[in-house]
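Sequential numbering from 413 applies to the sequence shown in my numbering.
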Amino acid sequence: MRICVFLSAADLDDRYTGPARDFAELLGKGGHTLVWGGSDVGLMKVVADGVQEAGGRLCGVSVGFLAAKARPGADEMIVARDLAERKRLLLEKADAVVVMVGGTGTLDEATEILELKKHGHTDMPVVLLNTAGFYDGLKEQFRRMEAEGFLPRPLTELVFFAEEPVGALAYLEESRGIS
Numbered sequence: 413m414r415i416c417v418f419l420s421a422a423d424l425d426d427r428y429t430g431p432a433r434d435f436a437e438l439l440g441k442g443g444h445t446l447v448w449g450g451s452d453v454g455l456m457k458v459v460a461d462g463v464q465e466a467g468g469r470l471c472g473v474s475v476g477f478l479a480a481k482a483r484p485g486a487d488e489m490i491v492a493r494d495l496a497e498r499k500r501l502l503l504e505k506a507d508a509v510v511v512m513v514g515g516t517g518t519l520d521e522a523t524e525i526l527e528l529k530k531h532g533h534t535d536m537p538v539v540l541l542n543t544a545g546f547y548d549g550l551k552e553q554f555r556r557m558e559a560e561g562f563l564p565r566p567l568t569e570l571v572f573f574a575e576e577p578v579g580a581l582a583y584l585e586e587s588r589g590i591s
């Protein structure tokens, strides 16, 4: 499976890097390909290192103004013209999406895939990995959107909230019929 991971390129502490490393190892050992923003810094580097060390493949999609931070030695590296093209290419190359901790860019990417799912433009499974309760507030907001009629589909059809890396990958594999 080609799993797109949206996440931060920031240097973060172990409460975020530990679970990210665990997920990366599971992904690599499962023979999956990481599709990610291509950066070789911060949390993006942690995940790419973990996937590669565990035998998985790397497909990066960088963007022109960040190309200097692109990971050398990825199995595939594409440099997009702008952030919009980058998002489109990341999703085109993926069979599933995992949203890890991140800032505004990660949130933008997450809402893009959920909007596509909401309107039936993709059936890709999407997991929000709620490491250390990072997305508790967003989870509550989504529940309110659902309860108050802002979502035309049940929230459970749009996104799966996983508290642990093993649950995230298990959900994706089950969604795609991989055992």
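Beta carbons: idealized from backbone N, C-alpha and C, even for Gly.
{"Asked": "Leu-424 (DSSP reduced to helix, strand or coil)", "Found": "coil"}
{"Asked": "Cβ shell of Gly-467 (< 8 Å), same chain only, five flanking positions each side left out", "Found": "Gly-440, Lys-441 and Gly-443"}
{"Asked": "Check whether Leu-563 and Phe-554 have beta carbons under 9 Å apart", "Found": "yes"}
{"Asked": "Ser-451 beta carbon less than 9 Å from that of Ala-482", "Found": "yes"}
{"Asked": "Option in Asp-461, Ala-544 and Glu-437 with minimal Cα separation from Val-364", "Found": "The displayed coordinates of the chain run from 413 to 591. Any statement about residue 364 would go beyond what the structure contains."}
{"Asked": "Helix, strand or coil at Ala-482 according to DSSP, with G and I counted as helix", "Found": "strand"}
{"Asked": "Strand pairing of Ala-574, partner residues [DSSP]", "Found": "Leu-541"}
{"Asked": "Option in Gly-454, Val-417, Leu-419 and Ala-574 with minimal Cα separation from Asp-425", "Found": "Gly-454"}
{"Asked": "Pro-566 classed as buried or exposed, judged by whether at least 16 other C-beta atoms fall within 10 angstroms", "Found": "exposed"}
{"Asked": "Span of the beta strand (DSSP E), counted from its first residue to its last, around Leu-470", "Found": "469–475"}
{"Asked": "First through last residue of the alpha helix (DSSP H) which encompasses Thr-534", "Found": "Careful: Thr-534 lies outside any alpha helix (DSSP H) and carries neither H nor E."}
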